[in-house]
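Structure first, commentary second.
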């Protein structure tokens with residue numbers, strides 16, 4: 644029986660982590676939830 648992981652990894656996605664390469668690496672590292680950070684940049688950056 645494999646142990647159940649009770650913790651979750653929440654990652655914040657912002658301007659420095661929005662590239663497909665970085666997102667794939669975060670998923671491979673165990674990311675469970677992505678949180679979007681809109682406090683930096685303008686509306687065009689977040690489209």
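In my numbering, the protein residues as written are 644 to 690. Beta carbons: idealized from backbone N, C-alpha and C, even for Gly.
Who does residue 677 pair with in a DSSP beta bridge? In the DSSP output, where bridge partners are listed per residue, residue 677 has 654.
Identify, in the order they occur along the chain, each residue of the same chain with its Cβ nearer than 6 Å to the Cβ of residue 666, setting aside the five sequence neighbours on each side. A distance below 6 Å between beta-carbons, with the five flanking residues on each side excluded, links residue 666 to no residue of its chain.
Of the listed residues 686, 680, 690, nearest to residue 655 (C-alpha basis): Cα-wise, what sits closest to residue 655 is 680.
Coarse secondary structure for residue 668, derived from DSSP in three states: Helix, per DSSP.
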